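The sequence shown begins at 7 in my numbering and counts up by one. What follows is one structure encoded as structure tokens, with my remarks underneath.
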Amino acid sequence: MENSQSNIQLTAAEITHLWMTYMNDSGAICHLEYELNKVEDEEIKQIIKYALDVSQSHIEQLTQIFNKENHPIPHGFKLEEDVDITAPRLFSDTYILNTLGQLGKIGLNQYSIALPLVVRDDIYKFFSTCLSESDKLIKLTNDVLLSKGLYVRPPYLPKPETFDFVKKQSFLTGFFGEKRPLLGTEISNLYANFQRNALGSATMMGYSQVAKDSEVVQYFIRGKEIAQKHCEIFESYLKDNDLSTVSMLDSEVTDSTVYVYSDKKMMFYSSSLIALGIGYYGASMSMSPRRDIGLMYSRLVAEIAKYADDGAKLMIKNGWMEEPPRAIDREELARKN
């Protein structure tokens, strides 16, 4: 009898990443449908249509996989429950264009983690395609940012005359005495983390204006303050080395206070941004030999981890956190006997 790989039971890693993809794409559809209804620029509109087609295709494929595996389909997010696409504009076209790039990066991050963990052929092909689609979304976004003069390139480095080796232990220090100039890896990470937090600050500002629950409003205001503080920290390191930074995006938020997204949807998206931030901070820390920079990232990770924990508690309190796939609680089963 022929043994088809597609009949092999899904592993914990496979089912978990499929579940996460369903949640992210169902949420993305809510964002994209609203943005498609508001955006004015035709080039940006075409990127939104591409991203929307991708997310809708993912939901169709994932639904088929879950049904085939007799696995419950996640509730996720629904257009009729979690967004009002007729609501007034909350963000500018420039903000929307930047979030499309962020959407691609969230996908790229998730799928690059998932791909090495999956072995079943059909699931591997699915995530491999997802990875390519995220790559294309980032490229499309960058091309339009460049064509509109909105893409601010990271700082340039002078070309060395030849290679060299580190000769002083001060290469690693940064707390006392002379600090060496920033390395290219340190610059690129500080710059990218500034950009992500600038976008995060604008997102939290917009969400705080349209959230309905008072605790959720305060949570988003706190998130905006954290993002702005982190931007100031990254900017200080760059300025100490006479390097420029990009502008904040808070001006890209309108003054609308009309309901756009459900509090549940906004809390979920903010948790995705936090998870992405923690991952990038961890990677930045590993690529920063200067001890003061490494310690700085460790402090920032602790701060946003606490913020994420408070957000999770708020979601659980309101019944908004859908439970991911998990192992069976054997002790609970035993107690039922």
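Cβ coordinates follow ideal geometry from the N, Cα and C atoms, glycine included. Quick caveat, the model's predicted, so the values are computed rather than measured.
For T147, same chain residues with a beta-carbon under 7 Å away, outside a window of 5 residues either side, are I53, L103, L106, G107 and G110 in chain order.
In the structure shown, the three-state DSSP call for Y40 is helix.
Sequence-distant partners of E75 (beyond 5 residues in either direction) whose C-beta falls short of 7 Å from its own C-beta, in its chain, are L16. Counting C-beta pairs closer than 8 Å gives fewer than three between the segment 156–174 and the segment 207–218, which falls short of the contact rule. For S277 against A314, the beta-carbon gap comes to about 6 Å, under 8 Å, which counts as contact. Of all alpha-carbon atoms in A333, N13, Q70 and E86, the one lying nearest the alpha-carbon of E39 is that of E86. Rounded to the nearest whole angstrom, the C-alpha separation of C237 and F72 is 41 Å.
When Cβ pairs closer than 8 Å are counted between the two stretches, the segment 41–59 is seen not to touch the segment 281–292, the count staying below three. With 16 or more other Cβ atoms from the protein chains shown falling within 10 Å of its own Cβ, I112 counts as buried. Within its own chain, the residues whose Cβ lies closer than 6 Å to the Cβ of N203, once the five positions on either side in sequence are excluded, are A233, H236 and C237, listed in chain order. In this structure I65 does not touch S98 by the C-beta definition: roughly 28 Å separates them, more than the 8 Å allowed. With a contact defined as Cβ atoms closer than 8 Å, P160 and S194 qualify at about 6 Å.
Around the beta-carbon of H37, 16 or more other beta-carbon atoms lie within 10 Å, marking it buried. Per DSSP, A281 is one residue of the alpha helix (DSSP H) stretching across D269 to S292. Cα atoms of L58 and A34: separation of roughly 8 Å, rounded to the nearest angstrom. Residue pairing by DSSP places V89 opposite Y267 in a beta bridge. As the crow flies, the alpha-carbon of D248 is around 26 Å from that of V307.
Ranked by Cα distance from E41, the options T69, R95, Q70 and N13 are led by R95. Under the criterion of beta carbons closer than 8 Å, V158 and V252 qualify as touching, at roughly 5 Å.
Collapsing the DSSP output to three states places V124 in coil. According to DSSP, residue pairing for V259 in a beta bridge involves F97. Taking the C-beta atoms as reference points, F240 is found nearer than 8 Å to F200.
Around the beta-carbon of E167, fewer than 16 other beta-carbon atoms lie within 10 Å, marking it exposed. The DSSP-derived three-state label of E48 is helix. Remark: C-beta atoms of E192 and S304 do not approach each other more closely than 8 Å. Counting along the chain, A333 sits inside no alpha helix (DSSP H), nor does DSSP assign it H or E at all. In the three-state reduction of the DSSP assignment, V158 falls in the coil class, being assigned neither a helical nor a strand state.
With a contact defined as Cβ atoms closer than 8 Å, L121 and S134 qualify at about 6 Å. With respect to L244, Y197 sits close: the two C-beta atoms are nearer than 8 Å.
Using a Cβ distance threshold of 8 Å, A217 and D269 count as a contacting pair. Counted as a single uninterrupted DSSP element, the alpha helix (DSSP H) harbouring E221 occupies residues S220 to D246. In terms of CA proximity to R186, I299 leads the group V125, I299, T263 and V124.
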